[in-house]
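Asker: This is the structure I want to talk about, given as structure tokens.
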Amino acid sequence: MNTSLHELGLLATAAALAKKEVSAVELATALLDRAAQVEPKLNSLTWQERDVVLAAAREADTARAKGDTRPWLGVPLAVKDVLSVNGQPCTAGSKMLRNYVAPYDATVIARLRAAGCVFVARTNTDEFAMGGSTATSCFGPTRNPWSPARVPGGSSGGSAAAVAARLAPAALGTDTSGSIRQPAAFCGVTGFKPTYGRVSRQGCVANASSLDQIGPLARSVEDAAALYQAIAGVDPLDSTTSPRPVGGVLAAAQQARDLKGLKLGVPREYFIAELAPELAQLTRAAIDQCAALGAEIVEVSLPHVSASLPCYAVLGSAEASASLARYDGMRYGLRVDAPELMEMYDRTRAAGFGDEVKRRLLFGTLVLTSRYHADFYLRAQKVRTLIRQDFLQAFTACDALLGPVTLTPPPRLDAAPDSASARQWGDYCTAGVNLAGICALSVPCGFTADGLPAGLHVVGPAFQDELVLRIGAAYQHATDWHQRAPTGLE
Amino acid sequence: MSDYIASIGLEVHVQLKTRTKMFCACPAHEEGEPNTAVCPGCIGLPGALPVINREAIRKTVKVGLMIGSRISLYSTFDRKNYFYADMAKNYQITQNDFPLCIGGGVTIQVDGQPKTIRVHHIHQEEDVAKSTHLDNSTEVDFNRCSMPLMELVTEPDMANADEVMAFLTTLKQMLIYADISDCNLELGHMRCDVNSSVRPAGATKLGVKTELKNMNTFKGIQRALHYELQRQIEVLRGGGTIAQETRRWDDVAGVTLPMRTKESAPDYRYFPEADLPPIVLDEATIAAWRAELPEMPAARRARFVQEYGLPEYDAGVLTADKAIADYFEAAAKQAANPKAVSNWVMGELLRALGEQGQDITAAKITPAALVALIGLVEAKTINMPAAKEVFQILFENGGDPAAIVQAKGLAQVSDTGAIEGFAAQAIAANEKVAAEYRAGKEPALMFLVGQVMKLSRGKANPQLAAEALRRQLKG
Ligand SMILES: [Zn+2]
């Protein structure tokens, strides 16, 4: 069994540990060895300390020997480098926080720690989760495991690549405009963006508070549902979390075998000229598969989809301009000294932030100034309402939506990070979901002729997280795209 | 100054008395070493989120209820963006668009007439850290960061420094009464921004205003306003114009100095705080909070007159401080003669407190002990000088008045035999004075009574002494 321990998914890992078929130390060792082999090519991790990981695994084994039967005892997880894990660095992929070690657990981490998880690695991210390529990280770009010349997507590109490359059975990511779903699609893994308010953001380095949401990246919908269920639910430390019960999401996903009785809408605005024909074809095939599983397919419209990117650019940047104001060199993180306070701020922030972050902070600051507030910020808020209404309207005609996650397959690294078209089209299909505060899933739905993965987007109404996961699970029970693994990484 | 009219408005920041800070669970006190009452939230660590302190909301709403504001059933928080070393997040969570309380007013007395100072709104916010400027550096203590503040903004309804003082005194009294804040000015519990303008008498349009920032003593506000209003008048008289600017008060030099002009004023880039949901209140909650409000000073003053038969003057003095009023009322409820209680509280008690520079909580004498002491005087068990001596002991150490009288041997001598003897001695030793009395000089008796007191070492009942003397001098 030892040779393929890293192949185990999340639930399989938990089961193997519970049955004592494998120890946490054996498992951790396998993952560490795998990372040592793969990482030089991939660069998906920003931190992994062999001794620390093995000590935590040993502790889990000791606890189990003493009769501890917590279901996730010793289960290894990778965590995006924007979520606080007590005692581990939390850099957000930025020079600004390169020396910062989190002194507390994010709520999601505290819950997983209580369940027995071992946090084996921190995964690469676009700087402060701003970007769709994981190329803006101060740790350098992460490579796509399916094609190292290409980007893994972002900003949770490190998590997606690590899960695809079998460096961890599952990982946590964050999604502000598509940052879980787009890299999941690019890396051929399953990624879920829960409804806003489902998962506590406490301990997550804020990008845009009204849009950020933490979610799982895993090798199957069932694994994603299990991880989601473990982290979801109201948190007194995050006042935007909902008190609605999470329910038996995992059981629902495990039992999903067909889509009978469901009406699934296909928004025509997703099938635009910019959608790569190969992806259009793969998406259509996946929709046909859903129809074959018993779903009634209807065409719907989201008239304001094209406004979602500019709307996101204004609101996301505006919120980020405040969220990132705290990085000033005063209390922690990078400081570049200067004789005067304001000059110290200037020098510190000039040195600490990369170009994409600076671009967004400048733009976000500008749109909030009294001169532009009404024309940009307030107008974008109104557009956000229209986008939300689009989805509400669509959901009167169907239970959930199907479509592509991305318009193109993963672009080449040398073309991606700064290209205007990446900014213009990168989150075209995904950003609206965050603006509307609803939930969406990306499941692998095939490969291009070049062997690049594609994702099917399942979008559900607010708090219909279980429904979305059920649809994805039914699709996966009928397909095997999610079981394919990239090769030749060693 | 009579040819110019001043209009003054205040922005009063009040630190609310709560157990924890505005947006985190840190203790809301400034004791202890700097930067010890802090957490990821109030020092702005990555990922920390704010959580609303409901107790602070309750206190601010109660202030709104006291001054007749409309309470917002829906209000929201905003981010106010600016960079400074005392800011943990470099934005302050405050309320810009939808504050908690709107409108209302505070009634003050101006030359014996009531005048209402209108309040524009009251909003909720968090404090910044405390900076201490040293020679070559600045120390920042985040213990104060994120302490709960309410900001009360008035209309420019005050016409001079005296009205401002009356407003602040009245407001402070109300806030202490309702246990909203300790209003300790030395600890910065009340800080004001003072907006003032002047215009020629007869003009209806307000003049250009200046703002004095961060005034934290009443005395300072009074001096600064005297200076600033006079400065503005002199500028206008000289044909100049007032610049709309923020100024600061230099307490040592006794002048206000320009800080920044309107043009260089920061753009705070307010926008909604997405980390916090709106505060939604219902009528039942507001009604419950209203029911918790204590009687306000003015109402209590009127009731003291009616219920305890006190003169207006006494009622005013006693209700000026809620703790004193509470003390008086606790004693008066047990006393046969509330006026006697009032005399003791206003006289001995306030004097002793004043001498010690203490507040009532430091006094060891319980209301019951004071009532018992008054009872001993009224029963003529002790005389007034002895009572004052007993009071001082009770004030400093507490205890039972009767026991103290016993232990100190302070009981009056009411034994007529002994008093007759002292009277005889006094007359024998002062034949000349006795003769004067017999000749009809009534005041001479007081001298002889004094002699009897002296002979009895202060313990003789002076009334009995006078009677004995009269009788013996007649005989
Ligand atoms: Zn705190």
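So the protein lines, in turn, are chains A and B. Numbering of the first sequence is given in the numbering used here, commencing with residue 1010 and proceeding in unit increments. Numbering of the second sequence is given in the numbering used here, commencing with residue 3 and proceeding in unit increments. Think of the CB as a built atom: it goes at the ideal place given N, C-alpha and C, for glycine as much as any other residue.
Against chain B, which members of the segment 1222-1249 of chain A pass a CB distance test of less than 8 Å?
Answerer: So the close ones are 1245, 1246, 1247, 1248 and 1249.
Asker: Relative to chain B, which residues along the segment 1345-1371 of chain A have a C-beta separation below 8 Å, given in chain order?
Answerer: Residues passing the 8 Å Cβ filter: 1350, 1351 and 1354.
Asker: Within the present structure, is the beta-carbon of residue 34 of chain B separated from the nearest heavy atom of ligand 1 by less than 6 Å?
Answerer: Result no, Cβ not under 6 Å from ligand 1.
Asker: From the DSSP output, in three-state form, read off residue 399 of chain B for me.
Answerer: DSSP places residue 399 of chain B in helix when its eight states are reduced to three.
Asker: Is residue 43 of chain B near ligand 3, with its Cβ less than 6 Å from a heavy atom?
Answerer: For the structure depicted, ligand 3 is absent and the ligand set comprises only ligand 1.
Asker: Skipping 5 residues on each side, what residues in its chain have a beta carbon closer than 6 Å to that of residue 197 of chain B?
Answerer: Excluding positions up to five away in sequence, the list reads 11, 211 and 213.
Asker: Taking residue 320 of chain B as the reference, which of B:463, B:337, B:336 and B:343 has the closest Cα?
Answerer: Nearest of B:463, B:337, B:336 and B:343 to residue 320 of chain B, Cα basis: B:343.
Asker: Taking DSSP as the reference, what is the three-state secondary structure of residue 1015 of chain A?
Answerer: Residue 1015 of chain A falls in the helix class under three-state DSSP.
Asker: Report buried or exposed for residue 125 of chain B, applying the criterion of at least 16 other Cβ atoms within 10 angstroms of its Cβ.
Answerer: Flag for residue 125 of chain B reads buried.
Asker: Whose C-beta lies closer than 7 Å to the C-beta of residue 1374 of chain A among residues of the same chain, with five residues either side of it excluded?
Answerer: Closer than 7 Å at the Cβ level, and outside the excluded window around residue 1374 of chain A, lie 1330.
Asker: For chain A, find out if any of its Cβ atoms is closer than 7 Å to the Cβ of residue 273 of chain B; answer yes or no.
Answerer: So yes, residue 273 of chain B belongs to the interface.
Asker: Give me the subset of the segment 75-86 of chain B whose CB atoms are less than 7 Å from a CB atom of chain A, sorted by chain position.
Answerer: Under the 7 Å Cβ criterion, the segment 75-86 of chain B contributes 81, 83 and 85.
Asker: Are there 16 or more other CB atoms within 10 angstroms of the CB of residue 386 of chain B, so buried, or fewer, so exposed?
Answerer: Flag for residue 386 of chain B reads exposed.
Asker: Can you find a C-beta in chain A that's less than 7 Å from the C-beta of residue 410 of chain B?
Answerer: False, the Cβ-Cβ gap to chain A never drops below 7 Å.
Asker: Applying a beta-carbon distance threshold of less than 8 Å, which residues of chain B neighbour residue 1334 of chain A?
Answerer: Neighbours of residue 1334 of chain A on chain B, chain order: 83, 85, 91, 92 and 93.
Asker: How about residue 1221 of chain A and residue 1202 of chain A: are their beta carbons less than 7 Å apart?
Answerer: Their beta carbons are not under 7 Å apart, which means residue 1221 of chain A does not touch residue 1202 of chain A by this criterion.
Asker: Suppose only complete runs of 4+ residues qualify. What are the alpha helix (DSSP H) ranges in the segment 1219-1266 of chain A, listed by chain order?
Answerer: For the segment 1219-1266 of chain A, whole alpha helix (DSSP H) runs of length 4 or above, ordered along the chain, are 1230-1240 and 1258-1264.
Asker: Expressed to the nearest angstrom, what Euclidean distance is found between the alpha-carbon atoms of residue 299 of chain B and residue 175 of chain B?
Answerer: Cα to Cα, residue 299 of chain B sits roughly 8 Å from residue 175 of chain B.
Asker: Count the C-beta pairs between the segment 1135-1144 of chain A and the segment 1154-1173 of chain A that are closer than 8 Å, then say yes if the count reaches three, no if not.
Answerer: Touching, yes.
Asker: Pick helix, strand or coil for residue 1020 of chain A, following the three-state DSSP scheme.
Answerer: Reduced to three states, the DSSP call for residue 1020 of chain A is helix.
Asker: Just tell me which of A:1274, A:1282 and A:1231 has its CA closest to the CA of residue 1257 of chain A.
Answerer: The shortest C-alpha separation from residue 1257 of chain A is found at A:1231.
Asker: Using a Cβ-Cβ cut-off of 7 Å, state whether residue 1378 of chain A counts as contacting chain B.
Answerer: Residue 1378 of chain A counts as touching chain B.
Asker: Only counting the same chain, and skipping five residues up and downstream in sequence, which positions put a Cβ closer than 8 Å to that of residue 382 of chain B?
Answerer: Same-chain partners within the cutoff: 414, 416, 463 and 465.
Asker: By alpha-carbon positions, which one of A:1216, A:1376, A:1085 and A:1272 ends up nearest to residue 1136 of chain A?
Answerer: The shortest C-alpha separation from residue 1136 of chain A is found at A:1216.
Asker: DSSP puts residue 153 of chain B in a beta bridge; with which residues?
Answerer: Answer is B:15 and B:125, bridged to residue 153 of chain B.
Asker: In angstroms with no decimal places, state the Cα-to-Cα distance between residue 60 of chain B and residue 23 of chain B.
Answerer: Cα to Cα, residue 60 of chain B sits roughly 14 Å from residue 23 of chain B.
Asker: Going along chain B in order, which residues have a C-beta closer than 7 Å to the C-beta of residue 1145 of chain A?
Answerer: Simply none; closest approach about 17 Å.
Asker: So if I threshold CB-CB distances at 8 Å, which residues from the segment 48-59 of chain B count as touching chain A?
Answerer: Answer in chain order: 48, 49, 50, 51, 52, 53 and 54.
Asker: For residue 1218 of chain A and chain B, any beta-carbon pair shorter than 7 Å?
Answerer: Taking Cβ atoms only, chain B reaches closer than 7 Å to residue 1218 of chain A, which makes this a yes.
Asker: Can you tell me the Cα-Cα spacing of residue 148 of chain B and residue 408 of chain B, whole angstroms?
Answerer: Distance between the alpha carbons of residue 148 of chain B and residue 408 of chain B is about 56 Å.
Asker: Comparing the C-beta of residue 269 of chain B with each C-beta of chain A, is any distance below 7 Å?
Answerer: Yes, its Cβ sits closer than 7 Å to a Cβ of chain A.
Asker: Please report the distance separating the alpha-carbon of residue 283 of chain B from that of residue 75 of chain B.
Answerer: Approximately 5 Å, taken between the alpha carbons.
Asker: Shortest alpha-carbon distance to residue 1288 of chain A belongs to which of A:1225, A:1180, A:1413 and A:1206?
Answerer: Out of A:1225, A:1180, A:1413 and A:1206, A:1413 has the C-alpha closest to the C-alpha of residue 1288 of chain A.
Asker: Mapping the DSSP letters down to three states, classify residue 236 of chain B as helix, strand or coil.
Answerer: In the structure shown, residue 236 of chain B sits in a helix (DSSP, three-state: H, G or I).
Asker: Am I right that residue 474 of chain B and residue 429 of chain B are in contact with their C-beta atoms under 8 Å? What's the rounded C-beta distance?
Answerer: With a Cβ gap of about 6 Å, residue 474 of chain B and residue 429 of chain B count as contacting.
Asker: Which residue wins for smallest C-alpha separation from residue 1383 of chain A, given the options A:1473, A:1323, A:1272 and A:1098?
Answerer: Checking every option, the nearest Cα to that of residue 1383 of chain A belongs to A:1323.
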